[in-house]
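Take a look at the structure below.
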Amino acid sequence: MKQFSYRLETVLAYKTQVLDNLKTEHAVIVQKVNRKQEEIKGLNKKLVSYESGFNEVKEKGAAIEAYRLFDMCIGRMEEIIDEEKEHLSELRREEDAKKQEVVEAKVDTSKFEKLKEKKFQEYQKAVMKADEQFIEEFVSNTTLREKRQYG
Numbered sequence: 002m003k004q005f006s007y008r009l010e011t012v013l014a015y016k017t018q019v020l021d022n023l024k025t026e027h028a029v030i031v032q033k034v035n036r037k038q039e040e041i042k043g044l045n046k047k048l049v050s051y052e053s054g055f056n057e058v059k060e061k062g063a064a065i066e067a068y069r070l071f072d073m074c075i076g077r078m079e080e081i082i083d084e085e086k087e088h089l090s091e092l093r094r095e096e097d098a099k100k101q102e103v104v105e106a107k108v109d110t111s112k113f114e115k116l117k118e119k120k121f122q123e124y125q126k127a128v129m130k131a132d133e134q135f136i137e138e139f140v141s142n143t144t145l146r147e148k149r150q151y152g
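So the sequence shown is residues 2 to 152, counted in the working numbering.
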């Protein structure tokens, strides 16, 4: 019997390649999300530093310009953090969308893999049936030859 071949092997290979590419793209986006989270943590540390510096200046007393400078720095840092949090939200939405694409591609690829598996099982059954038929024919031919020879 001929060797097993899956007619849709090229389609399966293409679907697998698409899935791998989507997984890679998803990993890149997850990496961006993680970097953005770290960046926001760093900005929050700077904000805490400005706030503690402002508290020190308040305790010691300082010129109004120093108060205004700290107030401007704190206000600007809060704006930057809010902007970065918005960027983080956009990245998370992008990550969710890419994750959904990965899931859909995985389902699509799985369909072709299961079909290939089913076809392979059918092929194995056909091979077993052909082998059984060959054995039956061999045994019956051998029996006939023996009867003719001794008969």
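Backbone N, C-alpha and C fix where the C-beta goes; we use that ideal spot for every residue, glycine too.
Spatial neighbours of residue i in its chain, beta-carbon cut-off 7 angstroms, leaving aside the 5 residues before and after
i: residue 1; result: Since the first residue shown for the chain is 2 and the last is 152, residue 1 is missing from the structure and cannot be characterised.
i: residue 91; result: none
i: residue 71; result: 51, 54, 55, 58
Distance CB(residue i)-CB(residue j) smaller than 7 angstroms
i: residue 9; j: residue 106; result: no
i: residue 16; j: residue 109; result: yes
i: residue 13; j: residue 113; result: yes
i: residue 82; j: residue 44; result: yes
i: residue 67; j: residue 58; result: yes
Nearest-angstrom beta carbon gap, residue j and residue i [assumed within contact, 8 angstroms]
i: residue 103; j: residue 27; result: 5 angstroms
i: residue 41; j: residue 85; result: 5 angstroms
i: residue 37; j: residue 88; result: 6 angstroms
i: residue 7; j: residue 120; result: 6 angstroms
Residue i versus residue j: straight-line alpha-carbon distance, rounded
i: residue 54; j: residue 34; result: 30 angstroms
i: residue 125; j: residue 137; result: 18 angstroms
i: residue 93; j: residue 50; result: 28 angstroms
i: residue 60; j: residue 39; result: 32 angstroms
i: residue 99; j: residue 132; result: 49 angstroms
i: residue 122; j: residue 4; result: 13 angstroms
i: residue 73; j: residue 101; result: 42 angstroms
i: residue 140; j: residue 130; result: 15 angstroms
i: residue 142; j: residue 134; result: 12 angstroms
i: residue 25; j: residue 32; result: 11 angstroms
i: residue 146; j: residue 18; result: 57 angstroms
i: residue 69; j: residue 77; result: 12 angstroms
i: residue 144; j: residue 151; result: 11 angstroms
Contact set for residue i: own chain, Cβ-Cβ below 6 angstroms, skip 5 residues either direction
i: residue 116; result: none
Same chain only: Cβ atoms within 8 angstroms of residue i, ignoring 5 sequence neighbours per side
i: residue 52; result: 75
i: residue 149; result: none
Beta carbon proximity, residue i to chain C, threshold 7 angstroms
i: residue 7; result: Judged by its chain identifiers, the structure shown contains no chain C, having just a single protein chain.
Identify every run of the alpha helix (DSSP H) within the stretch 49-90, keeping only runs that are complete inside it and at least 4 residues long; order them along the chain.
Runs of the alpha helix (DSSP H) inside the stretch 49-90: none found.
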